[in-house]
Amino acid sequence: MYMEQLKGLEDKIKVIAFDADDTLWETQTYFDEAEERLCSVLAEYGDSQYIKEELFKTETQNMDELGYGVMAFTLSMIETALRLSSDRIPAERIAEIYAAGRTLLRIPATPLPGVSGTLEKISRSRRYRTIVITKGNMLDQENKLGRSGLKPFFDHVEIVSGKNEKTYSDILEFLDVRAQEFLMVGNSFKSDISPVLKIGGYGAYIPFHTTWQHERTDEYDHPKLFRLESFSGLERLVL
């Protein structure tokens, strides 16, 4: 069945889009480390599991106003600390939490294994338009893309507030490409893969070793879904 899926795929696809965080470079691990720091600072107010649950609750409540990314995460950590301490947490501890969040603006954005080589081959093939579709803070995402050294491989970058069927449909309309000519590559089944499959596109799913709780969802099989063990496995699909 997998080989049947592959037949002629390179002739159907015109645009390949890539998620950024935990697809092109590692991100979630650094957020997990900041979360552990929060748990350490707030240890007197509860155990780690409780602190993490309360943080996620705060993040979820803030999404409509703050969206995703470092600033939203940092503000949610501070808000959680204030709430759990009944606004009595010392200023120096708030400073520690702020510093933990601030470090996330300087993560190295080193390309994950196979990313640079595969993108270079796809670029050299000149078969496809290649774009990035990522959510988060615009300046932070632009800076990470710059630090990664991968920007020359992409024709276009979209930094969005969220990823759903309408997001992808709007991007495809802007690019003047049909869904059946579009392949999305990413590590989040919920944000990168499922919405694209639902509008008729193709998805290449590359799971990462850790996933943010908000991105966890039930997965399913689909004739336009490809599950890859590594980024370099993409070469077999499109080259």
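Here the working numbering is used: the first residue of the sequence shown is 61, the next is one more, and so on. The C-beta atom is built at its ideal place from N, Cα and C for all residues, glycine as well.
Rounded Cβ spacing between residue i and residue j (contact assumed at less than 8 angstroms)
i    : j    : result
I219 : M198 : 5 angstroms
L102 : A141 : 6 angstroms
E306 : R187 : As shown, the chain starts at 61 and ends at 299. That puts residue 306 outside it, with no answer to give.
Paired residues, beta bridge with residue i - DSSP
i    : result
P255 : For P255, which the question treats as bridged, DSSP gives no partner whatsoever.
R143 : Answer is none; R143 lacks a bridge partner.
P171 : W85
I219 : T194
Pairwise C-alpha distance: residue j and residue i
i    : j    : result
L172 : E152 : 36 angstroms
K258 : Y105 : 43 angstroms
I191 : I231 : 10 angstroms
G68  : G263 : 15 angstroms
T270 : R287 : 16 angstroms
R143 : E95  : 16 angstroms
E86  : L98  : 20 angstroms
S136 : D215 : 34 angstroms
Min CB distance residue i to chain B below 7 angstroms
i    : result
L257 : Absent here is chain B; the protein component of the structure consists of one chain.
Buried or exposed by the 16-neighbour rule on C-beta atoms within 10 Å, applied to residue i
i    : result
L243 : buried
D124 : exposed
K195 : buried
F249 : buried
E119 : buried
F234 : exposed
Give, in chain order, every unbroken run of the alpha helix (DSSP H) that is at least 4 residues long and sits entirely within the segment 67–123.
69–72, 88–101
Run through the segment 224–254 for me and flag every whole alpha helix (DSSP H) of 4 or more residues, listed as ranges in chain order.
225–235
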